[in-house]
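In the working numbering, the protein residues as written are 35 to 309.
Cβ atoms here follow ideal geometry from the backbone N, Cα and C, with glycine treated the same way.
This structure is a prediction, so every number in the text was calculated from the model and none was measured.
Before any comments, here is the structure.
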Ligand SMILES: [Zn+2]
């Protein structure tokens, strides 16, 4: 099982590997830059070299680089869309020098333009990105559908992927809290949901998991993460989820409200009960 959590990049790349090991993680996620957006810190080439060497010599699952939350490729405001494209392109260019990893982003919020226009603008932006040369995969995160979020329905994710010319390396990251809040009952009908995903998007596109419980009820279209077993989803259902043959081989990232000791406990719990 490849499981880890979101880690701070503040002390550099190699430092994240050290922290991950100390909490029993064999994969993890980090923000490419300040999650609110803005300029990314310069990468120390020595740090990156050591990081690459250690990644290759260890048993690491594919890492997840998360785009800033503010990145919105389908805002009604042109400047916001442009800013999103600039950050996306800059992130991709930086990650070109990395071992293959997942670059995960929230598809966007259409801010009143309608889902169709939102999908069209996301597709246009992705078609302008150097997808064909990217060593890893770009992942669309499945969203909860709060506000005007695009990508809370599997059909919307499929429409984006279908519209992109170089979609060979486009995939989906499924956040358990988001999909449950979006109305996909992975607690009581996991096989049904995965079948539906397979029919619309295709299970070969499902690449990574955000493993979270939800503070709000099923189908609530909210995005409030809870610790595993402390939300509306329940521990047994989450363990069934991580043990499912379709899911168990994918990197799983905890984004639960925890500090490192709490993450360490959750990782140990999932490993012990879910394997
Ligand atoms: Zn996310």
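Could you tell me the alpha carbon to alpha carbon distance between residue i and residue j, rounded to whole angstroms?
{"i": "residue 96", "j": "residue 276", "result": "17 Å"}
{"i": "residue 165", "j": "residue 126", "result": "9 Å"}
{"i": "residue 113", "j": "residue 158", "result": "15 Å"}
{"i": "residue 107", "j": "residue 52", "result": "34 Å"}
{"i": "residue 101", "j": "residue 74", "result": "11 Å"}
{"i": "residue 304", "j": "residue 257", "result": "22 Å"}
{"i": "residue 56", "j": "residue 38", "result": "11 Å"}
{"i": "residue 64", "j": "residue 155", "result": "26 Å"}
{"i": "residue 35", "j": "residue 307", "result": "12 Å"}
{"i": "residue 218", "j": "residue 253", "result": "7 Å"}
{"i": "residue 110", "j": "residue 142", "result": "11 Å"}
{"i": "residue 225", "j": "residue 274", "result": "11 Å"}
{"i": "residue 78", "j": "residue 175", "result": "29 Å"}
{"i": "residue 302", "j": "residue 116", "result": "42 Å"}
{"i": "residue 210", "j": "residue 40", "result": "15 Å"}
{"i": "residue 104", "j": "residue 233", "result": "31 Å"}
Start and end of the beta strand (DSSP E) containing residue i?
{"i": "residue 244", "result": "240–245"}
{"i": "residue 138", "result": "136–139"}
{"i": "residue 206", "result": "204–209"}
{"i": "residue 175", "result": "171–175"}
{"i": "residue 271", "result": "First-last for residue 271: 269–277, but that is the alpha helix (DSSP H), not the beta strand (DSSP E)."}
{"i": "residue 168", "result": "Residue 168 -> no beta strand (DSSP E), and no H or E assigned at all."}
{"i": "residue 64", "result": "63–65"}
{"i": "residue 107", "result": "Run containing residue 107: none; DSSP gives neither H nor E here."}
Which residue comes first and which comes last in the alpha helix (DSSP H) that contains residue i?
{"i": "residue 303", "result": "294–308"}
{"i": "residue 50", "result": "47–56"}
{"i": "residue 192", "result": "188–197"}
{"i": "residue 11", "result": "Only positions 35 to 309 of the chain appear in this structure, which leaves residue 11 out of reach."}
Spatial neighbours of residue i within its chain, please: C-beta separation below 8 Å, excluding the five flanking residues on both sides.
{"i": "residue 261", "result": "247, 290, 291, 292, 296, 300"}
{"i": "residue 237", "result": "228, 231, 280"}
{"i": "residue 61", "result": "36, 37, 38, 54, 94, 95, 96, 97, 98, 285, 286, 287"}
Return the chain-ordered list of same chain residues with a C-beta closer than 6 Å to the C-beta of residue i, the five sequence neighbours on each side being excluded.
{"i": "residue 84", "result": "48"}
{"i": "residue 263", "result": "269"}
{"i": "residue 145", "result": "109, 110, 182"}
Leaving out the 5 sequence neighbours to the left and right, which residues in its chain are closer than 7 Å to residue i when beta-carbon positions are compared?
{"i": "residue 172", "result": "137, 165, 203, 204"}
{"i": "residue 193", "result": "153"}
{"i": "residue 251", "result": "266"}
{"i": "residue 201", "result": "195"}
{"i": "residue 50", "result": "41, 43, 62, 64"}
| task | Identify every run of the alpha helix (DSSP H) within the segment 110–150, keeping only runs that are complete inside it and at least 4 residues long; order them along the chain. | result | 112–129
| Which residue spans inside the segment 214–263 form an unbroken alpha helix (DSSP H) run of at least 4? | 224–234
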